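K.L.:
Residue numbers (this note's numbering), protein chains in the order written: chain X, 946 to 1367; chain V, 3 to 234. Ideal placement from N, C-alpha and C gives every residue a C-beta, glycine not left out. These numbers were taken from a predicted model, which means no experiment stands behind them. Below you'll find the structure I mean.
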């Protein structure tokens, strides 16, 4: 019987080809949007994790309360011991120190007089320890525009935009004028070894990257750091794992003291809650809208098909096929159509998504933005993309048919002779 | 129910609500149909022919009175029982053939057997036999749009006959056919009636059909005005 229905389905293109195309178009959009949303928002999360939040972050409670000011005077003390504890308690995770600092960057002329000045924000990371993965994590080597990487403690990288604005070339000296963690004035000379473009407008406007030990000296932060970032194994953010780590750390080491350490997960920091919720929200919205829209489209096409097949349905009822049997056969047909359309749609969606994995450069639109996001937006194909389209593809088709097919039960058998004479 | 009868109707009344009132389509009809009859319900439009055919075919139920179709009384006739009765024992022939256009002649005739879950080999044999009865074995792979009106109606007859039903109900089966095709169709049905002892009941006002009937029941305004057996 099933073969009989499928044969009819294949032969009647208005029952098969058209609905399959409708489903395929919808599924293509879902897969493409899923890859796009996952790519763009996922990149934002990864980008933020690498540059700012880690998968978990340890700070002093006071520092966390005033984090917008990057308050190095409230930095975490005794970091050597904290790092030892972290490594012992959470083996497999990677822990790195970061110091965010700000100051005036002064570019002198050949006489040592100020030639150009500009406010900048910097990030001190471990660039010189053997085995450090910070340069790789921040993608510094690939971000180099001019010059080379930091090789000595006296060297500093400037964002290319910032260096161009101050007319600084690799090899030029610069002076960082800032304050120590105790509030004293600090003046430190650096040599610009290279310029970088991070791809995030917020960082590229006035960014600096220097080795953490040099900055620690400059800011008088011995055995202290602004933040300790923790990365889960494989560098993949796993919310449950991060929650477990943060929970156990806080229970063990955090107390009422405002300088006691506190660990926050990526989700708990800044606007990351919103980002993560947005990822889930957008995915649900896309699939939800698709399902409702497709169900309505297929409901209508089911109604039209039903009208066209009115005679056939009537005949089947007259011959003795039970209404629920006819209804079930229509649902089976629709599942078949949904499945076929989902396969085609998923293939096309993945194809278009693969074209977008190279990314679209929106750097020009990000001028003036403070958002910590990359200027190139890319789609990302995740394992979900291979099956996510099947859920709305099959469900919406079946739902549309189920709604359209209700008419079968309303059909009066007493009218069949008259109807079938028409 | 009389011995050998397959349909018994006693004091049948069928009425429909119209506006605020009621329209009585069949009014106090009592009839009995024997196995192997070749009979027709004859009358002008609106006389109640199709309504009666609906009741005989378990597509409708009486408002009052009693019918017993193939041993099943109307008061025991749930929609499921009625569907089962039609599926197993009753064949239908319509004025407009109602073939499924995407299926071949073979598949159209095969459909009732698929509903009955007849095994494939048995199905094939029965379909070929039915197509042989109507002389269409050379058209098994054709699709309905490729057939003439006469051929289409012969396929419809094969579809109605393939399960060897006890009763075939035909509503104006020749209305869309020319004289030659009408006679061909009627001869085919007459032959099947004789060979298989299938009961045929027609609803018609076509004189060509009436000429073949062995029993003519005339209806007027929902009442039987004459019931006549014709000797052939």
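Could you list the residues in the segment 1236-1264 of chain X with a C-beta less than 7 Å from some C-beta on chain V, going in chain order?
P.N.:
Cβ contacts with chain V: 1256, 1257, 1260, 1263, 1264.
K.L.:
Just the Cα atoms here: how many angstroms apart are residue 1230 of chain X and residue 1237 of chain X?
P.N.:
Their backbone Cα atoms lie some 10 Å apart in a straight line.
K.L.:
Spatial neighbours of residue 1054 of chain X within its chain, please: CB distance less than 6 Å, with the 5 preceding and 5 following residues excluded, ordered by chain position.
P.N.:
Closer than 6 Å at Cβ, skipping near neighbours: 1060.
K.L.:
Tell me which residues share the same chain as residue 1165 of chain X and place their Cβ nearer than 8 Å to its Cβ, disregarding the 5 neighbours each side in the sequence.
P.N.:
Counting only Cβ-Cβ distances below 8 Å, and skipping sequence neighbours, we find 1125, 1126, 1127, 1129, 1131.
K.L.:
For residue 105 of chain V, which of X:955, X:1123, X:1202 has the nearest alpha-carbon?
P.N.:
Among X:955, X:1123, X:1202, the Cα nearest to that of residue 105 of chain V is on X:955.
K.L.:
For my contact list, residue 1272 of chain X and residue 1353 of chain X are in at a C-beta cut-off of 8 Å; report their separation, rounded to the angstrom.
P.N.:
With 8 Å as the limit, residue 1272 of chain X and residue 1353 of chain X qualify as a contact, their Cβ atoms being about 5 Å apart.
K.L.:
For a contact meaning CB atoms closer than 7 Å, what does residue 116 of chain V contact in chain X?
P.N.:
Going along chain X in sequence order, the residues near residue 116 of chain V (Cβ under 7 Å) are 946, 949.
K.L.:
So that I know if they touch, is there some Cβ in chain V lying closer than 8 Å to that of residue 1278 of chain X?
P.N.:
So, not an interface residue.
K.L.:
Could you tell me which chain X residues have their CB closer than 8 Å to the CB of residue 109 of chain V, listed as they occur along the chain?
P.N.:
Result: 949, 952.
K.L.:
Is there contact here, the segment 1185-1202 of chain X with the segment 1104-1113 of chain X, by at least three beta-carbon pairs under 8 Å?
P.N.:
Short answer: they don't touch.
K.L.:
How many angstroms separate the CA atom of residue 133 of chain V from the CA atom of residue 160 of chain V?
P.N.:
Distance between the alpha carbons of residue 133 of chain V and residue 160 of chain V: 6 Å.
K.L.:
How many angstroms separate the CA atom of residue 1204 of chain X from the CA atom of residue 1161 of chain X?
P.N.:
Their Cα atoms are separated by approximately 19 Å.
K.L.:
Which value, in whole angstroms, describes the spacing of the CA atoms of residue 227 of chain V and residue 1357 of chain X?
P.N.:
The straight-line gap from Cα to Cα measures roughly 29 Å.
K.L.:
Counting only Cβ-Cβ distances shorter than 9 Å, please list the residues of the segment 114-147 of chain V near chain X, keeping chain order.
P.N.:
Per Cβ criterion, the list reads 114, 116, 117, 118, 119, 145.
K.L.:
Can you give, in chain order, each stretch of the alpha helix (DSSP H) that sits fully within the segment 1007-1088 of chain X and has at least 4 residues?
P.N.:
DSSP runs (the alpha helix (DSSP H)) wholly in the segment 1007-1088 of chain X: 1024-1034, 1079-1082, 1085-1088.
K.L.:
For residue 138 of chain V, collect the residues of the same chain with a Cβ closer than 8 Å to its Cβ; drop the 5 residues on either side in sequence, then sort them by chain order.
P.N.:
For residue 138 of chain V, where only same-chain residues beyond five positions count, the Cβ hits under 8 Å are 107, 153, 156, 157, 160.
K.L.:
Output yes or no for whether 8 Å exceeds the beta carbon distance between residue 8 of chain V and residue 32 of chain V.
P.N.:
No.
K.L.:
Taking residue 953 of chain X as part of the beta strand (DSSP E), name the residues at either end of that continuous run.
P.N.:
It is not in any beta strand (DSSP E) - residue 953 of chain X instead sits in the alpha helix (DSSP H) that spans 947-956.
K.L.:
Assign residue 25 of chain V to one of three DSSP states: helix, strand, or coil.
P.N.:
Strand, per DSSP.
K.L.:
Under 7 Å Cβ-Cβ, which residues of chain V neighbour residue 1267 of chain X?
P.N.:
Residues of chain V passing the Cβ test: 82, 85.
K.L.:
Compare the C-beta of residue 168 of chain V with all C-beta atoms of chain X and state if any pair is closer than 8 Å.
P.N.:
No, residue 168 of chain V does not count as interfacial toward chain X.
K.L.:
Going along chain X in order, which residues have a C-beta closer than 7 Å to the C-beta of residue 104 of chain V?
P.N.:
Going along chain X in sequence order, the residues near residue 104 of chain V (Cβ under 7 Å) are 953, 956, 957.
K.L.:
Taking contact to mean 3 or more Cβ pairs, one atom from each stretch, closer than 8 Å, check whether the segment 1273-1285 of chain X and the segment 1339-1354 of chain X are in contact.
P.N.:
Touching, yes.
K.L.:
Per the DSSP calculation, residue 68 of chain V is bridged to which residue(s)?
P.N.:
Bridge partners of residue 68 of chain V: V:12.
K.L.:
Could you give the first and the last residue of the continuous alpha helix (DSSP H) run that contains residue 197 of chain V?
P.N.:
Looking at the DSSP string, the run of the alpha helix (DSSP H) that includes residue 197 of chain V is 181-198.
K.L.:
How many Å lie between residue 1291 of chain X and residue 1225 of chain X at the Cα?
P.N.:
One C-alpha to the other measures close to 20 Å.
K.L.:
Would you say residue 89 of chain V faces chain X, with C-beta separation under 8 Å as the test?
P.N.:
Residue 89 of chain V counts as touching chain X.
K.L.:
Give me the Cα-Cα distance between residue 1134 of chain X and residue 1118 of chain X, rounded to the nearest whole angstrom.
P.N.:
Those two C-alpha atoms are separated by around 7 Å.
K.L.:
Among V:101, V:45, V:90, V:220, which one has its Cα closest to the Cα of residue 115 of chain V?
P.N.:
Nearest option by C-alpha distance: V:90.
K.L.:
Please compile the residues from chain X whose C-beta is within a distance smaller than 8 Å of the C-beta of residue 40 of chain V.
P.N.:
Within 8 Å Cβ-Cβ: nothing; residue 40 of chain V doesn't reach chain X, min ~20 Å.
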